[in-house]
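A.B. asks: The sequence shown begins at 1 in our numbering and counts up by one. Glycine is no exception: its CB is placed at the ideal position from the N, C-alpha and C atoms. Being a predicted model, the structure only gives us computed values, none of them experimental.
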Amino acid sequence: MYPLKKPLIIDPFCAQTAPANSAAVIMFHRKLIGLSNIQKDAEAISRLIKECITPLPQFILKPLLEDGKCLLALDISPGRSTPYYYKADGVMEAYVRVGNESAIAPDYIVNELILKGTNQSFDSLTTDAEKKDYSFTLLEATYLERRGSDLRKIVSETEKLPGYTETYKPEFSSTATDFRVILKNVNYQLSQKNLISDQVSDQVKSQDTLHAVLDFCMTEKSKQEICSFIGYRNLTYFTRKYLNPLLKSGQIKMTIPDKPNSRKQKYITVRTE
């Protein structure tokens, strides 16, 4: 709120960009004189704001009566189209509130206001530079050479271990986010008897699980529901181990066969007469 000392004086006018660029303020200062023609002064202030500030901020002029004196309250709201510039007197500058005064915004503040006005942040900006314009040949070559030699060393050292066979060869895999190495324990030996026993046990367990899935899917169920029912968390393993074999054998079918990957996909047991 800016009570005027005399008509057409704003202290200073260029500082009216500050509330638009930062927080709105209400200021009372000096002696209240009052205005003799509020309508005329309001029109003049509106015209000056339109001519001297860009982009045009949102503002409201309210007539007030204080101690029998007519005043104008100028309310400028913080804007979204920052920065707001004062563009008169041969200059174009942005102002912000600093303590109890309006000050010219430093460059870094102006940059922040520009990003704010375009609904961006520094983290969201993408570089204009292209990889082809910069040489990382030596760095890439060094990285690939070291990675390759280290992997070969892992394989060669594993091959030297007692009891090593091709079955125990290290396995390497990578994705866009990680790199994995599987080292198998060459000292782990399983007797043929235990191996056969474990295989039979696994087969029995698998058959029991398949029957449980078929019973559970007498009504339509989603993959997540089936997986949770039999106690698995890994959907990929469950699909490969149980669901795909049941689909392939025709014991279970999709409710939306034309869209196998649909989020609404469910499965139901095929009833046999």
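Identify, in the order they occur along the chain, each residue of the same chain with its Cβ nearer than 7 angstroms to the Cβ of residue 151, setting aside the five sequence neighbours on each side.
C.D. replies: In the sequence shown, the residue the question calls residue 151 occupies position 151. Only 172 meet the Cβ criterion.
A.B. asks: Mind reading off the beta-carbon distance from residue 267 to residue 223? Whole number of angstroms is fine, and I expect it under 8 angstroms.
C.D. replies: Along the sequence shown, one-based indexing puts residue 267 at 267. Along the sequence shown, one-based indexing puts residue 223 at 223. About 7 angstroms separates the two Cβ atoms, so the contact holds.
A.B. asks: Residues bridged to residue 164 by DSSP?
C.D. replies: Within the sequence shown, the letter at position 164 stands for residue 164. Listed as beta-bridge partners of residue 164 by DSSP are no residues whatsoever.
A.B. asks: In this structure, how does DSSP classify residue 125 when only helix, strand and coil are distinguished?
C.D. replies: Here the question's residue 125 lines up with position 125 in the sequence shown. In the structure shown, residue 125 sits in coil (DSSP, three-state: anything other than H, G, I, E or B).
A.B. asks: Specify, as a first and last residue, the run of the beta strand (DSSP E) that residue 180 falls within.
C.D. replies: The residue given as residue 180 occupies position 180 in the sequence shown. It spans 179 to 182 - the beta strand (DSSP E) in which residue 180 sits, taken as one unbroken run.
A.B. asks: Under 6 angstroms Cβ to Cβ from residue 88, same chain only, skipping five residues before and after it: list those, please.
C.D. replies: Against the sequence shown, residue 88 aligns to sequence position 88. So the list reads 52, once near-sequence residues are dropped.
A.B. asks: Do you know offhand how far residue 9's Cα is from residue 70's?
C.D. replies: Residue 9 sits at position 9 when you count from the first residue of the sequence shown. Residue 70 sits at position 70 when you count from the first residue of the sequence shown. Its pLDDT being 38, under 50, residue 9 is placed unreliably by the model, and the measurement read from it follows with that caveat. Cα to Cα, the separation comes out at about 15 angstroms.
A.B. asks: Are the beta-carbon atoms belonging to residue 41 and residue 62 less than 8 angstroms from one another?
C.D. replies: As a first step, residue 41 must be located in the sequence shown, where it is residue number 41. As a first step, residue 62 must be located in the sequence shown, where it is residue number 62. No, these two residues do not count as a Cβ contact at 8 angstroms.
A.B. asks: Out of 243, 209, 48, 80, state which residue places its alpha-carbon closest to the alpha-carbon of residue 119.
C.D. replies: Within the sequence shown, the letter at position 119 stands for residue 119. Measuring from the Cα of residue 119, the nearest candidate turns out to be 80.
A.B. asks: Within the continuous beta strand (DSSP E) that includes residue 269, where are the two ends?
C.D. replies: Residue mapping note: residue 269 aligns to position 269 of the sequence shown, counting from 1. Taken as a continuous stretch (DSSP letters only), the beta strand (DSSP E) holding residue 269 covers 267 to 269.
A.B. asks: Hey, how far is the Cα of residue 260 from the Cα of residue 237?
C.D. replies: The residue labelled residue 260 in the question sits at position 260 within the sequence shown. The residue labelled residue 237 in the question sits at position 237 within the sequence shown. Roughly 17 angstroms between the two C-alpha positions.
A.B. asks: Rounded to whole angstroms, what's the CA-CA distance from residue 233 to residue 217? Just pull it up for me.
C.D. replies: As a first step, residue 233 must be located in the sequence shown, where it is residue number 233. As a first step, residue 217 must be located in the sequence shown, where it is residue number 217. Cα to Cα, the separation comes out at about 18 angstroms.
A.B. asks: Among residues of its own chain, excluding the 5 on either side of residue 265, which ones have a beta-carbon nearer than 8 angstroms to its beta-carbon?
C.D. replies: Position 265 of the sequence shown, counting from 1, holds the residue named residue 265. Only 222, 223, 254, 255, 256, 259 meet the Cβ criterion.
A.B. asks: Could you give the DSSP three-state label for residue 241: helix, strand or coil?
C.D. replies: Taking the first residue of the sequence shown as 1, we reach residue 241 at position 241. Here residue 241 carries a helix assignment [DSSP, helix/strand/coil].
A.B. asks: Could you check the C-alpha separation between residue 33 and residue 72 for me, to the nearest Å?
C.D. replies: Position 33 of the sequence shown, counted from the first residue, corresponds to residue 33. Position 72 of the sequence shown, counted from the first residue, corresponds to residue 72. The straight-line gap from Cα to Cα measures roughly 11 angstroms.
A.B. asks: Look at the alpha carbon of residue 162 and the alpha carbon of residue 231, and state the distance between them as a whole number of angstroms.
C.D. replies: Locating residue 162 in the sequence shown gives position 162, where the first residue counts as 1. Locating residue 231 in the sequence shown gives position 231, where the first residue counts as 1. Linking residue 162 to residue 231 through their CA atoms gives a straight-line distance of about 39 angstroms.
A.B. asks: Check whether the Cβ atoms of residue 186 and residue 168 lie closer than 8 angstroms to each other.
C.D. replies: Here residue 186 refers to the residue found at position 186 of the sequence shown. Here residue 168 refers to the residue found at position 168 of the sequence shown. Yes, Cβ-Cβ distance for residue 186 and residue 168 is below 8 angstroms.
A.B. asks: When you compare only the Cα positions, how much space is there between residue 35 and residue 116?
C.D. replies: Taking the first residue of the sequence shown as 1, we reach residue 35 at position 35. Taking the first residue of the sequence shown as 1, we reach residue 116 at position 116. So the two alpha carbons sit approximately 38 angstroms from each other.
A.B. asks: Would you mind working out which of 85, 67, 57 sits nearest residue 78, comparing C-alpha positions?
C.D. replies: As a position in the sequence shown, residue 78 is number 78, starting the count at 1. Closest by alpha carbon: 57.
A.B. asks: Given residue 104, which residues of its chain have a CB within under 7 angstroms of its CB, disregarding the five upstream and five downstream residues?
C.D. replies: The residue you call residue 104 lines up with position 104 of the sequence shown. The beta carbon of residue 104 is closer than 7 angstroms to those of 93, 95 in its chain, skipping five residues each way along the sequence.
A.B. asks: Give the straight-line distance between the Cα atoms of residue 184 and residue 160, rounded to the nearest whole angstrom.
C.D. replies: Taking the first residue of the sequence shown as 1, we reach residue 184 at position 184. Taking the first residue of the sequence shown as 1, we reach residue 160 at position 160. Computed Cα separation, rounded: 14 angstroms.
A.B. asks: Quick check: the Cα distance between residue 124 and residue 54, rounded to an integer number of angstroms?
C.D. replies: Within the sequence shown, the letter at position 124 stands for residue 124. Within the sequence shown, the letter at position 54 stands for residue 54. Residue 124 and residue 54: Cα-Cα distance of roughly 26 angstroms.
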